[in-house]
Amino acid sequence: MAVPKRKTSKSRRNKRRSHHRIVAVNAIEDKKSGEYRLPHHIDLKTGVYNGKKILDK
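Everything in the sequence shown is counted per our numbering, starting at 1 for the first residue and increasing by one.
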């Protein structure tokens with residue numbers, strides 16, 4: 001069984017965990033409806049994407 005020879009230092013441990021942060025959601029406010037949505041996604045309230053009606057409600 002593999003056993004580490006030395007204790008992992010706090011610095012080395014934290015370098016390994018540098019990508020484990022929580023990333024904030026990149027929501028933008030829609031110019032026409034004022035609703036928040038993700039970029040390059042359909043606005044579900046109005047059904048509009050890139051200025052064109054995509055969904056009918």
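No residue lacks a Cβ here, since even glycine has one placed at the ideal position from N, Cα and C. All of these numbers come straight from a predicted model, not from anything done at the bench.
Excluding five sequence positions before and after A27, the CB atoms of its chain that fall closer than 8 Å to its own CB belong to Y36, R37, L38, given in chain order. When rounded, the separation of the alpha-carbon atoms in H41 and K5 is 51 Å.
Rounded to whole angstroms, D56 and S33 show a C-alpha spacing of 16 Å.
Annotation for K15: the continuous alpha helix (DSSP H) segment containing it runs 10–16.
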